[in-house]
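Sequence order for the protein chains is A and B. Take the first sequence: its position 90, counting from 1, is numbered 90 in the working numbering, and each next residue is one higher. Take the second sequence: its position 85, counting from 1, is numbered 85 in the working numbering, and each next residue is one higher. By construction, the Cβ of each residue, glycine as well, lies at the ideal position given by its N, Cα and C atoms. First comes the structure, then the notes that go with it.
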Amino acid sequence: MTALHIPASQSTPSVTSSWEQGLLTMRGDSYPENSFEFFGDVIAWIERYLKESSAPLRLELHLVYMNTSSVKAMMDIFDILEDAHRGGRQVSVDWFYDPRNERVLDLADEFREDCSFPFQIAADG
Amino acid sequence: MADKTLLSPVERELVEQIETLLADPTHTHNPLRAPLAALFASSEAQRERLERLVRISDGYHLISRSQSLTLSEQYDRQLRRLDKLARISDRYQNSLRELSEALKDAALRDPLTGLGNRRFLMERIIEETERANRKGEPYALAILDVDHFKSINDRFGHEAGDTALNQITQAIQNGLRTYDLCGRWGGEEFLVILPETSLDSALQVAERIRRDIQALTIGIHNRSDVRITVSLGITLYQAGEPYSQTLDRADNALLQAKAAGRNRIESA
């Protein structure tokens, strides 16, 4: 299974993926009851892509609210990308924020702190 | 043969001296040669074992040292991650708290006039009713309704109507005492709560507001003759009654003021 598509729910963002384009997109709020289960699938897809493909990987994030366990899962994902990047893989993150909610800009900046791979933060528009 | 590099110079000299003696053919028949050779071999074997023991032991030491370094690095890394997690999480929590405060404000405030809305007024009436019963000091309640408001909207547009409501709001607030409360009760209806106030005092405040509004020139462009009046119904809270009765009485007084020709105050 190389396709990962999860429709958005009340408490979880939508997830779409394209193995061919090396692109994973998440959009919405994230406060699932079981973050490990939800992000487990996302992490599994990323790890599998990094293992089986040698093409670049890009994450496109349009996340608004995240609970603490989602923040942790997201940090885990960025760690995986950081390891891949140090191992010579081409990975990148594009974080889009709602220009009406400038606070998310600071949050994304905080996430970016320890990442040495390309990590862009831009207003959604 | 054991490694000689670990020996001290004196020890090394001794070992080499014995090796030389044992190798010398002139000592072949010396009766001490055979026991010395055996003793030397046994000593060398011991030395070799000792060195191996030290090597192995050093190896273990190195492994455990590097393990503990890794562990402490991991620990530091986890601490940094936890720090970061808390920081990010706190930021999310703060923005949620601000959002909830903004929502609460929006839920209780009328966006046009900035006054408390009907929900806000209901909360305050309940509070004032409890206080009045506790202290035995009644509050006065006034309902103010703009006369012929619809015709302002019809003649000059809704923007003019909004301007009029804002000017009326200003006039009411100017006329009130600091501890009186005013809110927007409905479309062109305002409600005023006057805590611990006699009917006479309430009527004086109401009359001041009525006159001030009558004197207003509504700021509609190109016009200076647009005047507006209001009618008021006033009542006093009666100890023990549910506040809905007080509201009904004020409403009836307002209807009487309207029926009697508007731009006036009736009390009940």
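Exercise. Tell me, which residues are paired with residue 95 of chain A by DSSP?
Worked result: Translated into the one-based positions of the first sequence, residue 95 of chain A becomes position 95. For residue 95 of chain A, which the question treats as bridged, DSSP gives the partners A:61 and A:121.
For this session: For residue 24 of chain A, name the three-state secondary structure that DSSP assigns.
Result: Looking up residue 24 of chain A in the first sequence gives position 24. If DSSP states are grouped into helix, strand and coil, residue 24 of chain A belongs with the strands.
For this session: Would you mind stating whether residue 65 of chain A and residue 30 of chain A have Cβ atoms separated by less than 8 Å?
Result: Stepping through the first sequence from its first residue, residue 65 of chain A is reached at position 65. Stepping through the first sequence from its first residue, residue 30 of chain A is reached at position 30. Yes, they are a contact pair.
Exercise. What are the uninterrupted segments assigned as beta strand (DSSP E) that are 3 or more residues long and contained completely in the stretch 92 to 161 of chain B, given in chain order?
Worked result: 140 to 146
Exercise. Is it the case that the Cβ atoms of residue 85 of chain A and residue 54 of chain A are separated by a distance below 8 Å?
Worked result: Here residue 85 of chain A corresponds to residue number 85 of the first sequence, with the count starting at 1. Here residue 54 of chain A corresponds to residue number 54 of the first sequence, with the count starting at 1. Not in contact: residue 85 of chain A and residue 54 of chain A (Cβ atoms no closer than 8 Å).
For this session: Check each candidate in A:60, A:76 and A:3 and name the one with the smallest Cα separation from residue 35 of chain A.
Result: One-based indexing of the first sequence puts residue 35 of chain A at position 35. Considering only alpha carbons, the answer is A:76.
For this session: Examine chain B for any beta-carbon lying closer than 8 Å to the beta-carbon of residue 105 of chain A, and answer yes or no.
Result: Taking the first residue of the first sequence as 1, we reach residue 105 of chain A at position 105. False, the Cβ-Cβ gap to chain B never drops below 8 Å.
Exercise. Quick one, which of B:256, B:198, B:8 and B:138 has its alpha-carbon nearest residue 237 of chain B's?
Worked result: Working through the second sequence from its first residue, we reach residue 237 of chain B at position 237. When each option's Cα is compared against that of residue 237 of chain B, the closest is B:138.
For this session: Identify every run of the beta strand (DSSP E) within the stretch 192 to 250 of chain B, keeping only runs that are complete inside it and at least 3 residues long; order them along the chain.
Result: 230 to 236
Exercise. Can you tell me the Cα-Cα spacing of residue 107 of chain A and residue 70 of chain B, whole angstroms?
Worked result: The residue you call residue 107 of chain A lines up with position 107 of the first sequence. The residue you call residue 70 of chain B lines up with position 70 of the second sequence. About 30 Å.
Problem set entry | Own chain partners of residue 91 of chain A with C-beta closer than 6 Å, once the 5 adjacent residues on each side are dropped | Here residue 91 of chain A refers to the residue found at position 91 when the first sequence is read from its first residue. Excluding residues within five positions, the ones whose Cβ falls inside 6 Å are 57, 81, 84, 85 and 117.
Exercise. Run through DSSP, which three-state label would residue 113 of chain A get?
Worked result: Along the first sequence, read from residue 1 onward, the residue named residue 113 of chain A stands at position 113. Of the three classes helix, strand and coil, the one that applies to residue 113 of chain A here is coil, per DSSP.
Exercise. When burial is assigned at 16 or more other CB atoms within 10 Å of the CB, is residue 72 of chain A buried or exposed?
Worked result: As a working note, residue 72 of chain A is residue 72 in the first sequence. So residue 72 of chain A ends up on the buried side.
For this session: Within its chain, find whatever has a CB closer than 7 Å to the CB of residue 262 of chain B; leave out the 5 residues flanking it on each side and keep chain order.
Result: Indexing the second sequence from 1 puts residue 262 of chain B at position 262. For residue 262 of chain B, where only same-chain residues beyond five positions count, the Cβ hits under 7 Å are 147, 229 and 231.
Exercise. Helix, strand or coil: how does DSSP classify residue 14 of chain A here?
Worked result: The count along the first sequence starts at 1 and reaches residue 14 of chain A at position 14. Correct three-state label for residue 14 of chain A: strand.
Exercise. Taking Cβ positions only, does residue 33 of chain A come closer than 8 Å to chain B?
Worked result: By one-based count along the first sequence, residue 33 of chain A stands at place 33. No, residue 33 of chain A does not count as interfacial toward chain B.
Problem set entry | Minimum Cβ-Cβ distance from residue 110 of chain A to chain B less than 8 Å | Locating residue 110 of chain A in the first sequence gives position 110, counting from the first residue. At least one chain B Cβ lies under 8 Å of residue 110 of chain A.
For this session: Determine the chain A residues that contact residue 87 of chain B at a beta-carbon separation under 8 Å, and present them in chain order.
Result: For this step, residue 87 of chain B is matched to residue 87 along the second sequence. Within chain A, the residues near residue 87 of chain B are 110.
For this session: Spatial neighbours of residue 38 of chain A within its chain, please: CB distance less than 7 Å, with the 5 preceding and 5 following residues excluded, ordered by chain position.
Result: Taking the first sequence and counting its residues from 1, one reaches residue 38 of chain A at position 38. The residues are 12 and 32.
For this session: May I have the straight-line CA-CA distance separating residue 58 of chain B from residue 47 of chain B, to the nearest angstrom?
Result: Here residue 58 of chain B is taken as the residue at index 58 of the second sequence, counted from 1. Here residue 47 of chain B is taken as the residue at index 47 of the second sequence, counted from 1. Roughly 16 Å between the two C-alpha positions.
Exercise. Smallest Cα separation from residue 183 of chain B: which of B:31, B:78 and B:119?
Worked result: The sequence position of residue 183 of chain B within the second sequence is 183, counting from 1. Ranking the options by Cα distance to residue 183 of chain B, first place goes to B:119.
Problem set entry | First and last residue of the uninterrupted beta strand (DSSP E) at residue 267 of chain B | Within the second sequence, the letter at position 267 stands for residue 267 of chain B. 265 to 267 is the span of the beta strand (DSSP E), which, as asked, contains residue 267 of chain B.
Exercise. For residue 16 of chain A and chain B, any beta-carbon pair shorter than 8 Å?
Worked result: Looking up residue 16 of chain A in the first sequence gives position 16. No, its Cβ sits nowhere closer than 8 Å to a Cβ of chain B.
Exercise. For the candidate residues B:97, B:92 and B:108, whose alpha-carbon lies nearest to that of residue 103 of chain A?
Worked result: Position 103 of the first sequence, counting from 1, holds the residue named residue 103 of chain A. Checked all of B:97, B:92 and B:108; the closest Cα to residue 103 of chain A is B:92.
Exercise. With distances taken between CB atoms, is the gap from residue 165 of chain B to residue 188 of chain B smaller than 8 Å?
Worked result: Counted from its first residue, the second sequence places residue 165 of chain B at position 165. Counted from its first residue, the second sequence places residue 188 of chain B at position 188. Yes, the Cβ-Cβ distance between residue 165 of chain B and residue 188 of chain B is below 8 Å.
For this session: Name, please, each residue of chain A whose Cβ falls closer than 9 Å to the Cβ of residue 95 of chain B.
Result: Reading the second sequence from its first residue, position 95 is the one you call residue 95 of chain B. Result: 65, 101, 103, 104 and 107.
Exercise. What are the boundary residues of the beta strand (DSSP E) that includes residue 87 of chain A?
Worked result: The sequence position of residue 87 of chain A within the first sequence is 87, counting from 1. Residue 87 of chain A -> no beta strand (DSSP E), and no H or E assigned at all.
For this session: For residue 161 of chain B, collect the residues of the same chain with a Cβ closer than 6 Å to its Cβ; drop the 5 residues on either side in sequence, then sort them by chain order.
Result: Here residue 161 of chain B corresponds to residue number 161 of the second sequence, with the count starting at 1. Closer than 6 Å at the Cβ level, and outside the excluded window around residue 161 of chain B, lie 152 and 153.
Exercise. By the criterion of Cβ-Cβ separation under 9 Å, what are the contact partners of residue 75 of chain A in chain B?
Worked result: Locating residue 75 of chain A in the first sequence gives position 75, where the first residue counts as 1. Correct list: 81, 84, 85 and 88.
For this session: Look up residue 90 of chain B in the DSSP assignment and say whether it is helix, strand or coil.
Result: For the purposes of this step, residue 90 of chain B is taken as the residue at position 90 of the second sequence. Here residue 90 of chain B sits in helix by DSSP.
Problem set entry | Listed by chain order, chain A residues near residue 75 of chain B by CB distance under 7 Å | Counting from 1 along the second sequence, the entry for residue 75 of chain B is found at position 75. The contacting residues do not exist; residue 75 of chain B stays about 16 Å from chain A at best.
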